[in-house]
Amino acid sequence: MNAWLGILLFLALAVAFGLLLGYAAVRFKVEGDPVVEIIDQKLPQTQCGQCGYPGCKPYAEALAKGEADVNLCIPGGEPTMLEIAEILKKDPKPMAAEATEPKPPMVALIDENLCIGCVLCIKACPVDAILGATKMMHTVIAKECTGCELCIPVCPVDCISMVTEEVSSKNWKWPQPNSVTRIPVEVKAVES
């Protein structure tokens, strides 16, 4: 009988805390800035930090507050800058010189013979593209790497380099299709 009483008491506490948490979630809900969410969706989500912010979301927040220029996103380039300028109703600014030059896709490459397993590159990688453990060799997951180069300066033995990603049938990606308009279909009645 004591076991059933304990189970019922535990169940009653779980229901009470569940209701309390549900009420608190509704009552103390924090509304986010919708402009931040819209801008964040337009950014490339590489989390590279080339804009001077630790990721795309902080850059979007700074843009929404008016604390950052619209032309800082190097991976997004001019198309992203124009979209953000339109959202914020600001005049577009010319991109920095390094952002206008097209770069081939780059991927980090770790020389595993030199790697000492310090894990500094793993901590620096914003997209978790580096795999390894302390005092063990590390490697880069090429399809996850965005080529942001944040892992290079933290490596104490300089075993990380950037290499161009050769396009092959294994890593080639279809371009986004153009918007397709529906072709009207005419249905004719068949006379018998």
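Read in our numbering, the sequence shown has 50 at position 51, and its numbers run on one by one without any break. Beta carbons: idealized from backbone N, C-alpha and C, even for Gly.
Just to confirm the assignment, what range does the alpha helix (DSSP H) spanning V14 have?
N1 to R26
What residue range is occupied by the uninterrupted beta strand (DSSP E) comprising L42?
First-last for L42: undefined, no H or E at that position.
Based on Cα-Cα distance, which residue from P152, Q49 and A141 lies nearest to D127?
A141
Hey, does A107 have any beta-carbon neighbour from chain B nearer than 7 Å?
The structure shown contains no chain B; it is built from a single protein chain.
On the premise that C47 lies in contact with T145, defined as a C-beta separation below 8 Å, what is that separation, rounded to the nearest angstrom?
6 Å
Do the stretch 110 to 119 and the stretch 156 to 171 touch if we need at least three Cβ pairs shorter than 8 Å?
Touching, yes, given that three or more Cβ pairs across the two stretches are closer than 8 Å.
Give a yes or no on contact between the stretch 35 to 46 and the stretch 74 to 82, applying the rule of three or more CB pairs nearer than 8 Å.
Counting C-beta pairs with one atom in each stretch, the stretch 35 to 46 and the stretch 74 to 82 have three or more that are closer than 8 Å, which means they touch.
Helix, strand or coil: how does DSSP classify M94 here?
coil
Only counting the same chain, and skipping five residues up and downstream in sequence, which positions put a Cβ closer than 8 Å to that of I37?
I86
What is the DSSP secondary structure of L210, counted as helix, strand or coil?
Outside the displayed span of the chain (0 to 191) sits residue 210, for which this structure offers no information.
From the DSSP output, in three-state form, read off M135 for me.
coil
Considering only the beta carbon of each residue, do K92 and N70 sit closer than 7 Å?
Closer than 7 Å, so yes.
Tell me the DSSP bridge mates of L130?
BP columns for L130 point to T138.
Which of the three DSSP states is assigned to I37 in this structure?
helix
CA-CA distance, A15 and G54?
39 Å
Assign V166 to one of two classes, buried (16 or more other C-beta atoms within 10 Å of its C-beta) or exposed (fewer than that).
exposed
Apart from the five residues just before and just after A67, which ones in its own chain have a Cβ nearer than 6 Å to its Cβ?
A61
For I115, report the span of its alpha helix (DSSP H) as first-last.
Per DSSP, I115 belongs to no alpha helix (DSSP H) and is neither H nor E.
Would you give the residue range spanned by the beta strand (DSSP E) that L145 belongs to?
For the sequence presented, residue 145 should be read as Thr rather than Leu. Here T145 belongs to no beta strand (DSSP E), and DSSP marks it neither H nor E.
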